[in-house]
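Engineer:
Residue numbers (the numbering used here): 1000 to 1237.
1) Under a three-way DSSP split, which group does residue 1077 fall into?
2) State the DSSP-derived secondary structure class of residue 1095, mapped to helix, strand or coil.
3) Assuming residue 1085 and residue 1168 make a contact with CB atoms under 8 Å, what is their CB distance in whole Å?
4) Taking just the CA atoms, how far does residue 1040 sit from residue 1069?
5) Inspect the CB distances between the stretch 1008-1017 and the stretch 1104-1116 and report whether three or more fall short of 8 Å.
6) Suppose the cutoff is 6 Å on Cβ atoms and the five residues either side in sequence are ignored; what does the same chain contact list for residue 1223 look like?
7) Pair every Cβ in the stretch 1071-1090 with every Cβ in the stretch 1210-1223, then say whether three or more of these pairs are closer than 8 Å.
8) If you reduce the DSSP assignment to three classes, tell me which class residue 1111 lands in.
9) Using the C-alpha atoms, what's the distance from residue 1082 back to residue 1180?
10) Just to confirm the assignment, what range does the alpha helix (DSSP H) spanning residue 1003 have?
11) To the nearest angstrom, how far is the alpha carbon of residue 1050 from that of residue 1163?
12) Please tell me whether residue 1043 and residue 1031 are closer than 8 Å, where the distance is taken between their beta carbons.
13) Does the stretch 1151-1163 come within contact of the stretch 1110-1122, defined as at least 3 CB pairs closer than 8 Å?
14) Does the distance from the C-beta atom of residue 1219 to that of residue 1119 stay below 8 Å?
15) Whole angstroms are fine: how far does the CA of residue 1004 sit from the CA of residue 1124?
16) Excluding the five sequence neighbours on either side, which residues of its own chain have a C-beta within less than 7 Å of the C-beta of residue 1117, listed in chain order?
17) Residue 1171 and residue 1228: beta carbons closer than 8 Å?
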């Protein structure tokens, strides 16, 4: 289900930007075009500050990561039981509405970034140069240090996709749990106590929802920036 939701949001993202690009004008932009241009300039500025190579691939990648992860995170703002209730009518149970609260999805995205790190490492340094770096950095080129160097570099390399996946998953899963706990207030208690809990649930859902908008934005931004930083390190580090 996480794959289905993420694909649907990806199509929505592509359709949104395609429509805005199709209707773009050189004169006074519409509000929608201006909003898209702000996002493009913001993302391009982040890439330009970190990555000093050819941005023709990394720029669109960073934009895709930022918007796509944001949209997947934003699914957490929907009422927690809404989509599962709808899908249950069609015989689909255990529906997960937030793809980034599924560790399989976050690891799939981080492994894609990992593949790009390896690709840019070989592209920038060549096979021989990258292998030499793995076995001679950071302690030196002595044959006695080859194994420690290699093990340290492998740990550093593997920690990058793990940190990407676990950071995003942990924050979104925790946010989803908080929404579930707040939703439990709507059905708890009876009589006057029940109405008090219902009111507390509405207030809690509103307050946490407003705060969660900041969380989902920050997590999308962090995932994008770390993607740029890791690829830049692979491209520039010697």
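Even glycine gets a Cβ: it sits at the ideal position worked out from N, Cα and C.
All values reported here derive from a predicted model rather than from experimental measurement.
Structural biologist: In brief:
1) In the structure shown, residue 1077 falls within a coil segment according to DSSP collapsed to helix, strand and coil.
2) Note: residue 1095 maps to coil in three-state DSSP.
3) About 25 Å; that fails the 8 Å criterion.
4) When rounded, the distance between both Cα atoms is 17 Å.
5) In this structure the stretch 1008-1017 does not lie against the stretch 1104-1116, because fewer than three pairs of beta carbons, one per stretch, are closer than 8 Å.
6) So the list reads 1061, 1064, 1065, once near-sequence residues are dropped.
7) The answer is yes - the stretch 1210-1223 touches the stretch 1071-1090, with three or more Cβ pairs under 8 Å.
8) In this structure, residue 1111 counts as helix in the three-state DSSP scheme.
9) If you take the alpha carbons of residue 1180 and residue 1082, they lie about 17 Å apart.
10) Note, residue 1003: alpha helix (DSSP H), 1001-1021.
11) So the two alpha carbons sit approximately 18 Å from each other.
12) No, these two residues do not count as a Cβ contact at 8 Å.
13) Here the stretch 1151-1163 lies against the stretch 1110-1122, with 3 or more beta-carbon pairs under 8 Å apart.
14) Not a contact, by the Cβ cut-off of 8 Å.
15) Cα-Cα distance, rounded: 38 Å.
16) Excluding sequence positions up to five before and after residue 1117, its CB lies less than 7 Å from no other CB in the same chain.
17) The beta carbons of residue 1171 and residue 1228 sit no closer together than 8 Å.
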